[in-house]
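So the protein lines, in turn, are chains A and B.
Under numbering that gives the first Met the number 0, think of the first position of the first sequence as 0, with each following residue one higher.
Under numbering that gives the first Met the number 0, think of the first position of the second sequence as 0, with each following residue one higher.
All residues carry an ideal CB built from backbone N, CA and C; glycine is no exception.
Bear in mind that the values here come from a model prediction, so they are computed numbers and not experimental data.
First up is the structure itself, then whatever we jot down about it.
There are 2 protein chains.
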Amino acid sequence: MTLHDIYAIIAEPSRRRILDCLLRSDSTVKDLTEELGLSQPLVSSHLRLLRESGLVRVQSDAQRRIYSLDASPLTGVDEWLSAYRDKWNRHVDKLEEHLDRRKRLKEEKQADETTGE
Amino acid sequence: MTLHDIYAIIAEPSRRRILDCLLRSDSTVKDLTEELGLSQPLVSSHLRLLRESGLVRVQSDAQRRIYSLDASPLTGVDEWLSAYRDKWNRHVDKLEEHLDRRKRLKEEKQADETTGE
DNA sequence: CAATTACATAAACTTGAGTTTATATAAACG
DNA sequence: CGTTTATATAAACTCAAGTTTATGTAATTG
């Protein structure tokens, strides 16, 4: 589980928060420190890893570094997940079947009661 | 990044391999150790975490423990990813536009050459 | 040019995850 | 029963990730 692995990169909550920020808008390091309440060196070190994994790009503006998102390295995770997506969809389907069945039985019961009265 | 976090759980390569095995078929601990070439205590400890995170279920059969997959805890990851999926789709769209444009230009160029000869 | 702003990086520390080795438990088997 | 099979768990070790503190480096500003 080295940090060259995209799964380990997104396992860190602060890094996900950084990505979530960048998903909304490009940001400087200072923007991120203020928005997330993290120390500047910490944000910088996380950004370094995010850079190395290809998830963010930098652009210089005088002293500032403007970071922006590149989500494409996440496609691998998405592909891995897709195999499991089928599983839980089937599970949800079964749950819906179950609920539908319950609902139908309940409605039939109510119909019986009204006719009975 | 505690191990009670589903992202950290799936960050471990061996754990993902275990899940991939269970995606294909339910397995005993021994099955997994042989298929993955890991020590028995290691597999057991990973399975413990997978159990605690709700990703696997156990069923006893005499001395054996048959593990099976429950993918539903992964829905959260999937939902988080979905926000980014739009991003890279747009990126792919742009790439396709680019390639289409190249292809069109190339075809036009070839048409010019044939008429020119 | 001195002071400030924005950021990166190095050093040192802490903690916990992954792993191995050794041991406990519990069922099957002879 | 004693032994083997299947698994869990405890103890101990290693190493690297996350964090803080301190410092370096550009570019900006007064």
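Quick check on residue i: buried or exposed, where buried means 16 or more other Cβ atoms within 10 Å of its Cβ?
i	result
E51 of chain B	exposed
S44 of chain A	exposed
S38 of chain B	exposed
R177 of chain B	In the structure displayed, chain B extends from 0 to 116; residue 177 of chain B sits before or after that span and is not available.
V57 of chain B	exposed
A61 of chain B	exposed
Consult DSSP for residue i and reduce its assignment to one of helix, strand or coil.
i	result
I65 of chain B	strand
S52 of chain B	coil
S59 of chain A	strand
S26 of chain B	strand
H3 of chain A	coil
A82 of chain A	helix
I128 of chain B	With chain B represented from 0 up to 116, any question about residue 128 of chain B goes unanswered, as that position is not in the structure.
G75 of chain B	helix
Check this for me: beta carbons of residue i and residue j, under 8 Å apart or not?
i	j	result
D22 of chain A	W87 of chain B	For clarity, residue 22 of chain A is Leu in the given sequence; the question names Asp instead. Result no, Cβ atoms of L22 of chain A and W87 of chain B do not sit closer than 8 Å.
D30 of chain A	S67 of chain A	no
A10 of chain A	M0 of chain B	yes
V42 of chain A	V55 of chain A	no
R16 of chain B	L2 of chain B	no
Thinking residue i and residue j are a contact (beta carbons under 8 Å), I'd like their distance in whole angstroms, please.
i	j	result
R84 of chain A	D77 of chain B	6 Å
I8 of chain A	L49 of chain A	7 Å
The ligand FAD and residue i: does the residue's C-beta get closer than 7 Å to at least one heavy atom of that ligand?
i	result
L22 of chain B	No copy of the ligand FAD appears in this structure; indeed no ligand is present at all.
* At a Cβ cut of 8 Å, what residues of the region 22 to 36 of chain A count as close to chain B, listed as they run along the chain? -> L22
* Asked: For the region 41 to 52 of chain A, which residues have a beta carbon sitting closer than 9 Å to at least one beta carbon of chain B?
  -> none
* To do: Identify each residue in the region 57 to 76 of chain B for which the Cβ-Cβ distance to at least one residue of chain A is less than 7 Å, and report them in chain order.
  => Answer in chain order: L68, A70, S71, L73, T74 and V76.
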